[in-house]
Amino acid sequence: MAELYHRILKWLDERFGAGAVEDFLRHKTVPLHRYTIWYYFGGMTLFLFVIQVLTGILLLLYYRPTANDAFESVQYIVTQVRFGWLIRSVHSWSANLMVFTAFVHMFSVYFLKAYRKPRELTWISGMLLLFIVLGFGFSGYLLPWNTLAFFATKVGTDMAGFVPIVGKWILVFLRGGPEVTGATLTRFFGFHVAVLPGLATLLLAMHLLLVQQLGMSVPPSVERSIAEGRAQPRSMPFFPNFLLRDIIGWYVALGTLGALAAIFPWELGTKADAFAPAPAGIHPEWYFLFMFQTLKYLPAKIGFIDSELLGLMAFGLAGLVWLVVPFLDYKAGFGRVTRFFTGLGVFALGYMVVMSALALR
Amino acid sequence: MRKTIPSLVVLLVAIASPLAAAPKNSCLTCHAELEGPQGEPAKKFPSDVHNQAGLGCADCHGGDPQDDSMTAMSPAKGFRGAPKKTAIPEFCGKCHSDSNYMRRFNPGLRTDQLSQYWTSVHGKRLRQGDAKVAACVDCHSVHDILAVTDTRAPVYPTNVATTCARCHADAAYMKGYNLPTNQPAQYAKSVHAHALAQGDTSAPTCSTCHGNHGAAPPGVSSVENVCGTCHVINQQLFEKSPHQAAFAKMGLPACVQCHSNHEIVPPTDAWVGVGSNATCIQCHAAGDKGYAAAQRIAGDLAKLETFYQRAEDVLNTAERSGMEVSTPRVELVSAHGDLIKARVEVHSFNPGEVQKFTDEGTDISQKAYQAGVVALRERDTRRKGLGVSLIFIVLAIGGLYLKIRQMESTPANRH
């Protein structure tokens with residue numbers, strides 16, 4: 001077996017230098033310390049992304065992106081297509097788990113200061129990937145064309161209309177007209193299966209390349225312990241030691257997805273009807289709830305400005321600050337942990353959790 | 362001087378204009394100062410629909426509202442004063458029966474109330490001098506009369522029963538009329554009162570069946586017409602049924618015989634058949650044709666109800682398990698429609714006709730039930746599949762764990 005493996009490797013090496021890849025894998029190591037567990041969440045997010053791509057391709061075989069057919073085609077997938085229910089449920093559950101693991105990955109990177117010099121671009125590419133993942137969630141939510149998704153998209157795209165000057169234009173661009181119609185569905189489908197995957201692939205390649213180039217970051221506290229001689233630098237080979245552990249995590253994720261799909265199949269709801277009154281309890285997906293709840297608490301106007309506009313501006317500004325945090329917290333690059341930025345992270349995490357919990361009450 | 366005169370005219374017009382806009386009403390000015398019954402009309406009148414239409418005291422009571430002295434209320438100035446109870450209908454009818462006059466305020470307003478009133482039991486008795494019966498003001502109030510469309514009006518649909526009950530539920534007041542006083546309490550328990558309480562103003566109240574101005578109890582022969590104004594199909598089926606002739610011959614009121622009159626509670630399937638709660642056995646006995654028909658209709662209804670409920674239960678279970686059963690669920694709606702149609706068809710008292718609907722509904726219910734069973738079977742298969750997959754996943758995880766341990770057991774491969 002080992003001989004066959006070496007012969008294949010040799011064959012590949014003679015053609016495109018696969019030995020370099022093996023060499024890279026052989027020498028790549030992962031730092032080992034008490035925070036190592038957080039390294040697994042990046043790989044887990046990547047695994048779930050792959051699941052999304054695979055199940056998404058299978059769904060594409062039957063899905064029809066028109067207002068007349070979308071709901072019925074999803075209904076056909078879950079009732080008539082062999083294992084269609086499993087593919088659709090895994091796609092929906094995996095999307096949600098991916099958002100969750102992406103958030104865990106982001107906050108772990110933030111609190112371990114892994115964004116500090118020289119990994120600023122790794123952070124920025126990761127943040128842009130997170131925004132794209134949220135875009136996947138928002139555009140995918142509408143695709144089954146059910147009542148809840150229809151009205152949630154109406155509310156969600158309405159928000160875009162509050163942006164000063166270009167708001168109206170963005171709203172019409174997103175909806176393909178002034179209202180949420182079949183044109184919006186076709187457009188969202190285009191974003192979901194072409195535009196966002198294209199952008200995600202580019203950013204993912206960049207993100208992974210940077211991770212390989214720069215290696216995994218060691219938290220400042222661990223670095224300090226090593227520098228002060230209180231701890232020894234430890235690491236494990238990426239291949240196969242870390243990868244095998246990663247695969248264990250992926251198996252756990254696969255089992256969880258299967259269990260969720262079999263025990264709690266993702267519900268389809270009722271077909272969207274633009275002329276029906278909006279149902280009670282319209283809400284966006286859970287990862288947008290903190291923004292939704294904040295806007296609900298705001299009065300109609302603050303001063304002379306619409307509170308929606310002010311809320312969106314505040315979230316936009318917060319997102320921008322979060323995106324450029326490696327440049328604001330530049331001292332972290334010199335191994336100095338600023339309490340302000342750690343506090344900011346705790347506040348952001350706490351705010352999102354509390355607001356989401358209040359929205360779910 | 363030439364310049365001064367036009368200026369004075371302009372000034373006088375300017376001062377006089379607001380006075381001209383609010384016509385003088387000495388009646389209100391004086392009566393507002395009075396205490397007790399004489400002061401009450403002035404206090405109530407601002408909210409009165411007549412006041413809002415621009416009418417004043419003198420339009421009903423005569424007199425001169427421009428006159429501040431007591432002579433304003435002299436017969437010479439047309440003062441009619443407050444009418445006696447027996448004169449009230451004509452007093453109100455003076456305007457309300459005049460189409461030309463009423464058209465000025467509302468061209469769609471009826472003007473036959475007075476003539477209808479004289480045909481009512483109230484009107485007839487009033488003519489005979491009975492001042493206890495209801496006249497216009499007893500139902501509509503006086504001096505603070507509200508439009509019928511005003512939800513606060515005593516004659517607004519949701520308030521009618523309470524207004525009638527003021528007299529008809531008062532045993533002492535109704536003494537001597539030989540009428541029961543429990544109708545309002547009975548009506549309050551009815552399906553109609555519940556529908557009205559829930560905001561359905563099309564649901565019948567006292568005046569819907571008895572008439573309002575021409576209020577009278579419907580005669581035995583006209584009961585089905587009264588109910589049939591809303592329950593059209595039921596009436597048509599009843600008229601074609603053998604019961605109509607039989608009821609007429611026996612002098613029985615149509616609908617009321619089974620459904621009661623005021624306490625019309627929601628009917629149940631138990632009313633049909635030969636059980637202890639069945640109405641059919643009031644007249645039919647074992648061995649007669651009607652008894653057998655009642656038995657068959659009840660059996661068919663019960664069969665459909667059972668099959669429908671069974672299908673509903675299995676689909677609910679499948680839905681709670683997350684299974685997609687919206688198509689059989691939609692189909693089952695038509696089975697429920699068949700159940701409703703069969704219940705209506707009961708009024709034909711023809712078992713064959715009822716069976717057409719129950720058979721159709723039973724067939725649909727069975728198909729929906731089968732779809733639910735298939736969905737539950739599918740759910741179980743999925744769970745078994747999950748169990749098997751999880752075993753393989755756990756085995757794979759175990760294998761990987763052992764591989765890592767074995768790999769890292771050699772000092773060279775330790776971290």
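As you go down the protein sequences, you meet chains A and B in turn. Residues 1 to 361 in the working numbering are what the first sequence spells out, letter by letter. Residues 362 to 776 in the working numbering are what the second sequence spells out, letter by letter. Where is the CB? At the ideal position from N, CA and C, for every residue including glycine.
N- and C-terminal bounds of the beta strand (DSSP E) containing MET236/A:
Mapped onto the first sequence, residue 236/A falls at position 236. Note, MET236/A: beta strand (DSSP E), 235-237.
Per-residue burial, THR201/A [other beta carbons within 10 Å of its own, 16 or more giving buried]:
Within the first sequence, the letter at position 201 stands for residue 201/A. Exposed: under 16 other Cβ atoms inside 10 Å.
Starting from the C-beta of VAL552/B, find all residues in its chain whose C-beta is less than 7 Å away, skip the five residues before and the five after it, and write them out in chain order.
Position 191 of the second sequence holds residue 552/B. The answer, listed in chain order, is ILE625, VAL626 and PRO627.
List the whole-angstrom C-beta distance separating SER235/A from LEU289/A, where the pair is believed to meet the contact cut-off of C-beta under 8 Å.
Residue 235/A sits at position 235 when you count from the first residue of the first sequence. Residue 289/A sits at position 289 when you count from the first residue of the first sequence. Going by Cβ atoms, the distance from SER235/A to LEU289/A rounds to 40 Å, so no, they are not a contact pair.
Looking only at C-alpha atoms, which of TYR110/A, PHE189/A and LEU360/A sits nearest to ARG339/A?
Mapped onto the first sequence, residue 339/A falls at position 339. Nearest of TYR110/A, PHE189/A and LEU360/A to ARG339/A, Cα basis: TYR110/A.
Which residues in chain A have a C-beta closer than 9 Å to the C-beta of LEU737/B? List them in chain order.
In the second sequence, residue 737/B corresponds to position 376, counting from 1. Under the 9 Å cutoff, chain A gives no residues; its nearest Cβ is about 13 Å from LEU737/B.
Is any beta-carbon of chain B found at less than 7 Å from that of THR29/A?
Numbered from its first residue, the first sequence carries residue 29/A at position 29. Closer than 7 Å: no.
Going by other Cβ atoms of all chains shown within 10 Å of its Cβ, with 16 needed for buried, is TYR40/A buried or exposed?
Position 40 of the first sequence holds residue 40/A. TYR40/A comes out buried.
Residue-chain proximity (ILE37/A, chain B), Cβ-Cβ < 7 Å
Counting from 1 along the first sequence, the entry for residue 37/A is found at position 37. No - not a single Cβ of chain B is within 7 Å of the one on ILE37/A.
If you pair each beta-carbon of the stretch 665-682 of chain B with each one of the stretch 544-561 of chain B, do three or more pairs fall below 8 Å?
no
Since PRO299/A meets chain B, which of its residues come closer than 9 Å, beta carbon to beta carbon?
Along the first sequence, one-based indexing puts residue 299/A at 299. What PRO299/A touches in chain B: nothing, since even the nearest Cβ is about 32 Å away.
Tell me whether PHE347/A is buried or exposed, calling it buried when 16 or more other Cβ atoms sit within 10 Å of its Cβ.
As a position in the first sequence, residue 347/A is number 347, starting the count at 1. So PHE347/A ends up on the exposed side.
DSSP beta-bridge partners for THR147/A?
Taking the first sequence and counting its residues from 1, the one referred to as residue 147/A is at position 147. Beta-bridge pairing links THR147/A to no other residue.
Nearest-angstrom Cβ-Cβ length linking LEU61/A and ILE754/B, presumed shorter than 8 Å:
Stepping through the first sequence from its first residue, residue 61/A is reached at position 61. Stepping through the second sequence from its first residue, residue 754/B is reached at position 393. Not confirmed; about 26 Å, so no contact.
Mapping the DSSP letters down to three states, classify VAL509/B as helix, strand or coil.
As a first step, residue 509/B must be located in the second sequence, where it is residue number 148. Coil, per DSSP.
Own chain partners of ALA332/A with C-beta closer than 6 Å, once the 5 adjacent residues on each side are dropped:
In the first sequence, residue 332/A corresponds to position 332, counting from 1. Excluding residues within five positions, the ones whose Cβ falls inside 6 Å are LYS113 and ARG116.
Please go through the stretch 526-576 of chain B and give each complete alpha helix (DSSP H) segment of 4 or more residues, from N-terminal end onward.
544-549, 552-558 and 567-571
At least one CB of chain A closer than 7 Å to the CB of GLY589/B: is that the case?
On the second sequence, position 228 is the one that residue 589/B refers to. Taking Cβ atoms only, chain A never reaches closer than 7 Å to GLY589/B, which makes this a no.
Which of the three DSSP states is assigned to VAL81/A in this structure?
Taking the first sequence and counting its residues from 1, the one referred to as residue 81/A is at position 81. It is coil, neither helix nor strand.
According to DSSP, simplified to helix, strand and coil, what is ILE305/A?
Numbered from its first residue, the first sequence carries residue 305/A at position 305. ILE305/A: strand per DSSP, three-state reduction.
Amino acids of chain A, ordered along the chain, whose beta-carbon sits closer than 7 Å to that of GLY683/B
As a working mapping, residue 683/B is identified with position 322 in the second sequence. Those within 7 Å of GLY683/B in chain A are PHE264, PRO265 and GLU267.
What residues of chain B sit near TYR251/A, judged by a beta carbon separation below 8 Å?
Here residue 251/A refers to the residue found at position 251 when the first sequence is read from its first residue. Here the neighbours are ILE754, ALA757, ILE758 and LEU761.
Partners in chain A for ARG766/B, counting only beta-carbon separations shorter than 8 Å
To locate residue 766/B, count along the second sequence from 1; it is residue 405. The premise fails here: ARG766/B is roughly 10 Å from chain A at the closest Cβ pair, so nothing lies under 8 Å.
Rounded C-alpha distance that separates GLN547/B from SER435/B
Reading the second sequence from its first residue, position 186 is the one you call residue 547/B. Reading the second sequence from its first residue, position 74 is the one you call residue 435/B. Their Cα atoms are separated by approximately 50 Å.
Listing by chain order, which chain A residues have their CB less than 8 Å from the CB of GLU769/B?
By 1-based counting over the second sequence, the position of residue 769/B is 408. ASN241, listed in chain order.
Helix, strand or coil for LYS10/A, going by three-state DSSP, please let me know.
Position 10 of the first sequence, counted from the first residue, corresponds to residue 10/A. LYS10/A falls in the helix class under three-state DSSP.
Close beta carbons around ALA377/B, own chain, < 6 Å, minus the five adjacent residues each side:
Within the second sequence, numbered from 1, the residue matching residue 377/B stands at position 16. Confidence at ALA377/B is low in this model, with a pLDDT of 44, below 50, so its placement is unreliable and the value that follows should be read with caution. The answer is none, since no qualifying residue turns up.
Taking 7 Å as the limit between beta carbons, can you name the residues of its chain near LEU12/A, skipping five residues before and five after?
To locate residue 12/A, count along the first sequence from 1; it is residue 12. Taken in chain order, the residues that qualify are ALA18.
So, is ASP429/B buried or exposed, given that buried needs 16 or more other C-beta atoms within 10 angstroms?
Within the second sequence, numbered from 1, the residue matching residue 429/B stands at position 68. When all chains shown are included, ASP429/B counts as exposed.
Quick one: list the residues of chain B neighbouring ALA259/A, beta-carbon separation under 8 Å, in chain order.
To locate residue 259/A, count along the first sequence from 1; it is residue 259. Under the 8 Å cutoff, chain B gives LEU747 and LEU751.
Assigned secondary structure, THR472/B (DSSP; H/G/I helix, E/B strand, else coil)
In the second sequence, residue 472/B corresponds to position 111, counting from 1. Correct three-state label for THR472/B: coil.
Could you please tell me which residues of the stretch 180-214 of chain A, in chain order, have their CB closer than 8 Å to any CB of chain B?
none
Does ARG743/B come within less than 7 Å of chain A when only Cβ atoms are used?
Along the second sequence, read from residue 1 onward, the residue named residue 743/B stands at position 382. Interface residue, yes.
Can you check whether the C-beta of THR294/A is within less than 7 Å of a C-beta belonging to chain B?
Within the first sequence, numbered from 1, the residue matching residue 294/A stands at position 294. No, THR294/A does not count as interfacial toward chain B.
Specify, as a first and last residue, the run of the beta strand (DSSP E) that VAL30/A falls within.
As a position in the first sequence, residue 30/A is number 30, starting the count at 1. 29-31 is the extent of the beta strand (DSSP E) around VAL30/A.
So the alpha helix (DSSP H) PRO712/B belongs to, where does it begin and stop?
Along the second sequence, read from residue 1 onward, the residue named residue 712/B stands at position 351. First-last of the alpha helix (DSSP H) with PRO712/B: 712-768.
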